[in-house]
Amino acid sequence: MPLTAATRRRAFVSEILGRSDYAIIGELIEPGTRVLDLGCGEGELLQWLAENKGVEARGIEVDPRRVQRAIARGVSVYQGDIDQDLAGYPDQSFDYVILSQTLQETRRPLRVLREMLRLGRRAIVTFPNYGHWSVRLSLLWRGRAPMTRRFPHHWYDSPNIHFTTVKDFDELARAESWTVERQIFLAGHYQGRFLANLLAEVAVFLIKK
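Each number in this note's numbering corresponds to the 1-based position in the sequence shown with 6 added.
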């Protein structure tokens, strides 16, 4: 994708497990902390954090096949629906609660976000930015539900049911009086804040109450 001169000057962002947002998450999480990953898939990120950061790793995943694969990795994961199965955890059970590119798939995103901040001292939320120029151009040019590299599904079979943008999340954080400790905006392997709502493909927010 075309990048501005300001964005080109930003540092190259490495990958963990093939994802640049995982690399950012890995940098944000302090060693030896308690971590809960919501929608953890096959537990790849949790395994990496346990091995490289010495965290106490836990995960929740709705797909039983992925749960089995995560357990085979040696990660503590249980099958559950993050839209409704978080109430059993006591307040402040974790130092970090992660929701990585899953927010748009939840049925009640605000409820999930509030539960994350109840369960953890901090929450790390990453999501694909629906305000990205490619999404806007797809809608304008095709006149149909946007399909891009980040959003490759047809409207009728997409797992994404709640789309958000950088501006939307900023406004929600202010409305909920959350403290945004870090905002990191990624475009491929580059990060920058210039025109983030237009140029960022993925946003990473570190928030707390």
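The beta-carbon is built from N, C-alpha and C at its ideal position, and this holds for glycine as well. Since this is a predicted model, take the numbers as computed values, not measurements.
Between Gln189 and Phe169 a beta carbon distance of about 19 Å is seen, past the 8 Å cut, so the two are scored as non-contacting. Distance from the Cα of Ile88 is smallest, within the candidate group Arg71, Gln74, Arg114, for Arg114. DSSP, reduced to helix, strand and coil, places Ile167 outside both helices and strands of the structure shown, so it counts as coil. Of all alpha-carbon atoms in Asp97, Asp176, Arg155, the one lying nearest the alpha-carbon of Ser140 is that of Arg155.
In the three-state reduction of the DSSP assignment, Lys173 falls in the helix class, which pools H, G and I.
Cβ neighbours of Leu204 within its own chain (closer than 6 Å, five residues either side excluded): Trp139. Distances from the CA of Ser183 to each of Cys46, Arg25, Gly45, Leu119 were compared; the closest alpha carbon is that of Leu119. Between Arg64 and Asp97, the CB-CB gap reaches or exceeds 8 Å. By the CB criterion at 8 Å, Lys214 and Arg127 fall inside the cutoff. DSSP places Tyr95 outside both helix and strand once states are collapsed to three, so it counts as coil.
With respect to the 8 Å criterion, Val172 and Ala206 are classified as neighbours on the basis of their beta carbons.
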